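Have a look at the structure below before the remarks.
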Amino acid sequence: MWTLIFKVREYIKDQSGDLDNKKVKIDVLDEYFRLRRYENNGRIWTSGYNYTFEDIKNNLFNGSYPIRKELEPTRKKHDVGVKSNVFLNTIYNRDDKKYVSYFSEEEKQNVYLSLHDELPWNLTINCSHEENEEDKLERPNNTKPCSEDFYVKEEEIFMSGEEYYQRCTNCGYIVNIPKEILSLGIKERIDNSIKSNPDLERYNVLKSELESIENKGKTKALTNKN
Ligand SMILES: [Zn+2]
3 MWTLIFKVRE YIKDQSGDLD NKKVKIDVLD EYFRLRRYEN NGRIWTSGYN
53 YTFEDIKNNL FNGSYPIRKE LEPTRKKHDV GVKSNVFLNT IYNRDDKKYV
103 SYFSEEEKQN VYLSLHDELP WNLTINCSHE ENEEDKLERP NNTKPCSEDF
153 YVKEEEIFMS GEEYYQRCTN CGYIVNIPKE ILSLGIKERI DNSIKSNPDL
203 ERYNVLKSEL ESIENKGKTK ALTNKN
């Protein structure tokens, strides 16, 4: 995608006629650059083709950022390329268009997630969420839900039977993660991680009880020793 949008930009930059339309196209393309830079971590990019001071200041770049030289246009005056198309209109004719970014963070996230098969970085669930009574997992002793929200993280999810679970990051309680929020790709990865680590469920059950006991402060003396 980088190569494609760099090439498209070079071509537009080379246009010497109809400068208003050229500017629209360059502005719109900047939003495609921002979209391409989007990562599933809540860090907001303001850079388009050119780097912004804000992104440099926020350490969004890994390593160096080359200074890019803009070349003088060489295409003939009458060769003005497209005036409008879906590529431009999707972004430019939005009612809610803002100065820097045309897509909302949520829209960028949706585009990203549909391409990468990941959970949103900011997905939370409440600790009191329970599965159906009939497939209910027996929770370890000493654990009960704290009713706080916590982040759902793929790498923390394990399975018991056909159900998915994650330990609450606040209290250690084993919370059911509804299957509906997990895409096929995610489920496959979780399946594989369980195959390579068959003790994952047992580990989580033990850890859940240990964390709740620790949270109650009953083993403070024990942990202090370590
Ligand atoms: Zn909890």
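Position in the sequence shown (first residue = 1) + 2 = my numbering.
Just so it is clear, CB atoms sit at the ideal spot from N, CA and C, and this is done for glycine as well.
All values derive from a computational prediction rather than experimental measurement.
task: Count the other C-beta atoms from every protein chain shown that fall within 10 angstroms of the C-beta of SER149, then say buried if there are 16 or more, exposed otherwise.
output: exposed
message: Three or more C-beta pairs under 8 Å: does that hold for the stretch 23-32 against the stretch 53-67?
response: no
task: Examine ligand 1 and report whether any of its heavy atoms sits within less than 7 Å of the Cβ of TYR167.
output: no
- prompt: Roughly how many angstroms separate the alpha carbons of ILE127 and GLN168, rounded to a whole number?
  reply: 10 Å
- prompt: Per DSSP, SER162 forms a beta bridge with which residues?
  reply: GLU165
DSSP-derived helix/strand/coil call for ASP20: Residue state, collapsed to three classes: coil.
message: Using C-beta distances below 6 Å, list every residue in its chain close to GLU120, excluding the 5 sequence neighbours before and after it, in chain order.
response: Within the same chain, Cβ atoms closer than 6 Å to the Cβ of GLU120 are found at ASN42, the five residues on either side in sequence being excluded.
task: With a threshold of 16 other CB atoms inside 10 Å of the CB of TRP4, please say whether the residue is buried or exposed.
output: Flag for TRP4 reads exposed.
field: Through-space distance from SER162 to ASN134, alpha-carbon basis
entry: 13 Å
task: Consult DSSP for ASP151 and reduce its assignment to one of helix, strand or coil.
output: strand
message: Looking at PHE105: is its Cβ nearer than 8 Å to the Cβ of LEU37?
response: yes
task: Out of PHE152, LEU125, GLU203, point me to the one whose CA is closest to GLU165's CA.
output: The shortest C-alpha to C-alpha distance from GLU165 to any of PHE152, LEU125, GLU203 is the one to GLU203.
message: Using only the alpha-carbon positions, how far apart do ASN144 and LEU117 sit?
response: 41 Å
- prompt: Secondary structure at ASN178, three-state DSSP: helix, strand or coil?
  reply: Three-state DSSP puts ASN178 in a strand.
query: How big is the Cα-Cα spacing for ASN95 and TYR153?
result: 35 Å
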